[in-house]
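The structure appears right after this line, and notes come after that.
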Amino acid sequence: MVKLDRLINILSRYGARLHSTAAHRDLELHSVAVHDPIRPHAATGDVFLAVGATDLTHTLTLATAARATVIVSRTTEPPGEQVRRALEESGSALLTVDPSVSWSQIASVVYGLVLEGRETESGRGPSDLFALADTISASLDGPVTIEDQLSRVMAYSTAHHGTDPVRSDTILGRRIPEHMRRFFEGRGVFAHLAASDAPLHIPPSPEHGLHGRTVAAVRAGRELLGSVWVSGPEPLPPGRAAILQEGAHTVALHLLRSRVSADLERQVESELVIELIEGSPDAEAAIGKLGIAPQHLRVIALQAHAEQERNAGILLAFERATTGFGWSRPGRSTLFGNTVYTLLPAGDDPAPAFRWIADIATGLPAHIDVVAGIGGVAGVRELTASRQEADECMALSATTRTPHCYDTAWDRVLIQRLKSMAATGRLPSRDPIAQLAESDTINNTQYVPTLKAWLEAHGDPTATARTLGVHPNTVRHRLQRMRRFDFLDLEDPGKRTAMLIALSIHAG
């Protein structure tokens, strides 16, 4: 089973275009039918491949007979009004693919997705990973948990006999509790998994609520993909240990298959997102392939850093951002350089964007630092501007470790832009601010901070005094002294604005 949304995303890589707004993109697809000119009414299925059909009207007639809800046609013919109306009435989806793509390519993709693209509740990998956990559990007569290399739960058996508090907490929390991870690390469990395929028994630990475990590595070549855990107080006898090893090997095959499927979708999605944030002349088509609305979007820029683990943090963040296929995620993401960019439907309220960032950070190991920025609301043609705003807000977040949004941080972003512009050319060496700072240095006065606070307070001595922590009369006295400087004109509105900008830049 696969969702229509995913089928669209994958086929768009081959130039497929979706026609009909009535089709629900979360539609589940279970079967495929191919038109047979010899027996035209023999095949029925959810997805109809219109091989040999002469035109779209003929294709629609054949698809109706096949009781299909998704129609794939290899043509450049645009659907006419009659065909569009029929699609709307039936709720069917029409996908047209360029004739330069062979039917064999189309069929291999569609059959692979619909018949072999089963998915878990997390949207990644085969649904029978849970069935495999049940099979291993039945063979070993103990509850089984399958975890990835970060100790996150991917599947578990339904067997409840022998379940201990640690297993219950692991399944409920979707990962090994941190105190148990430290316990296993101290026992050398993770070091063993990294170096050996042999099952390892961990004796019971009543004080930790552990009834005992035997664990085996899930490995593809030399790469550790995860682990299989079976509960039990005693080590497995040789025969059952061999079953556990064979089960771990089968799990590795499932994970590799799901990785290939996931990587294909990531590639399609990433290319489309990059196209949009860099500015695409065919932006409407690209956003349509991604399956999100062309308005009320925000670009999120996110970086993740881990000490002594170059690129590990950002790769984990991208994995987290793209967990689940398109239909199960609110945004669409790409890894561009060392930054994850995500297009998120958020509208005027940036709260969903902040929640998205928090979810990503929560799902990462505690030692990884996350910095992120949120661009302003944008239509599909304004995403390049939102991407720049997200980058600028992320730069602000690098010092505070708190995500910033352009809606509220625009003033700091503007100052940052001015600072960047000023750094590209020569700054005046004898401007009023430089001369005032020189006077402060020589005479041990506080004219520069006073002028800045006064300008920010729009000339209010009382507010200026509160900012500086002095008496209002002190402010008035300093202003009176500053007005004696020939180079300082406090009465000209234009010069006051320029001085405030210069002071903000110098203060940064």
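Numbering (numbering that gives the first Met the number 0), first residue to last: 0 to 507. Positions of the beta carbon are idealized from the N, C-alpha and C atoms, including for glycine.
Express the C-alpha separation of residue j and residue i in angstroms, rounding to a whole number.
i: residue 83; j: residue 214; result: 56 Å
i: residue 365; j: residue 384; result: 32 Å
i: residue 436; j: residue 470; result: 22 Å
i: residue 70; j: residue 76; result: 14 Å
i: residue 32; j: residue 136; result: 37 Å
i: residue 349; j: residue 298; result: 11 Å
i: residue 351; j: residue 345; result: 6 Å
i: residue 6; j: residue 112; result: 7 Å
i: residue 222; j: residue 380; result: 42 Å
i: residue 86; j: residue 100; result: 24 Å
i: residue 487; j: residue 479; result: 12 Å
i: residue 410; j: residue 472; result: 31 Å
i: residue 193; j: residue 24; result: 41 Å
i: residue 420; j: residue 475; result: 34 Å
i: residue 11; j: residue 370; result: 32 Å
i: residue 459; j: residue 398; result: 31 Å
i: residue 322; j: residue 313; result: 14 Å
Going by the DSSP bridge assignment, what does residue i pair with across the sheet?
i: residue 228; result: 144 and 214
i: residue 372; result: 300 and 403
i: residue 47; result: 32 and 70
i: residue 219; result: 222
i: residue 204; result: 209
i: residue 155; result: 144
i: residue 18; result: 93
i: residue 88; result: In the DSSP output, where bridge partners are listed per residue, residue 88 has none listed.
i: residue 377; result: 296
i: residue 177; result: Partner(s): none; residue 177 has no beta bridge.
i: residue 2; result: 27
Could you please give the first and the last residue of the uninterrupted alpha helix (DSSP H) stretch that includes residue i?
i: residue 189; result: 188-194
i: residue 353; result: 350-361
i: residue 450; result: 446-455
i: residue 461; result: 460-467
i: residue 99; result: Note, residue 99: premise wrong, no alpha helix (DSSP H); not H, not E.
i: residue 473; result: 471-481
i: residue 438; result: 431-442
i: residue 11; result: Element bounds for residue 11: n/a, residue is neither H nor E.
i: residue 166; result: 164-172
i: residue 319; result: 311-320
Taking the continuous beta strand (DSSP E) assigned at residue i, which residues delimit it?
i: residue 302; result: 296-304
i: residue 339; result: 338-344
i: residue 60; result: First-last for residue 60: 55-64, but that is the alpha helix (DSSP H), not the beta strand (DSSP E).
i: residue 95; result: 92-96
i: residue 200; result: 199-201
i: residue 486; result: Run containing residue 486: none; DSSP gives neither H nor E here.
i: residue 333; result: 331-335
Going by other Cβ atoms of all chains shown within 10 Å of its Cβ, with 16 needed for buried, is residue i buried or exposed?
i: residue 431; result: buried
i: residue 29; result: exposed
i: residue 274; result: buried
i: residue 523; result: Absent from the structure is residue 523, since the part of the chain shown begins at 0 and ends at 507.
i: residue 347; result: exposed
i: residue 320; result: buried
i: residue 386; result: buried
i: residue 230; result: buried
i: residue 246; result: buried
i: residue 219; result: exposed
i: residue 8; result: buried
i: residue 154; result: buried
i: residue 98; result: exposed
Quick one, are the C-beta atoms of residue i and residue j less than 8 Å apart?
i: residue 317; j: residue 332; result: yes
i: residue 301; j: residue 367; result: no
i: residue 243; j: residue 235; result: yes
i: residue 389; j: residue 372; result: yes
i: residue 195; j: residue 91; result: no
i: residue 144; j: residue 166; result: yes
i: residue 293; j: residue 185; result: no
i: residue 211; j: residue 205; result: no
i: residue 163; j: residue 176; result: no
i: residue 68; j: residue 55; result: no
i: residue 250; j: residue 267; result: no
i: residue 481; j: residue 446; result: yes
i: residue 57; j: residue 48; result: no
i: residue 291; j: residue 334; result: no
i: residue 208; j: residue 146; result: no
i: residue 65; j: residue 43; result: yes
i: residue 500; j: residue 417; result: yes
i: residue 198; j: residue 240; result: yes
Would the C-beta of residue i count as close to the ligand FMN, meaning under 7 Å from any of its heavy atoms?
i: residue 108; result: Ligands displayed in this structure: none; no statement on the ligand FMN is therefore possible.
Is the shortest distance between the beta-carbon of residue i and the beta-carbons of chain D less than 8 Å?
i: residue 445; result: This model lacks chain D altogether; it includes just one protein chain.
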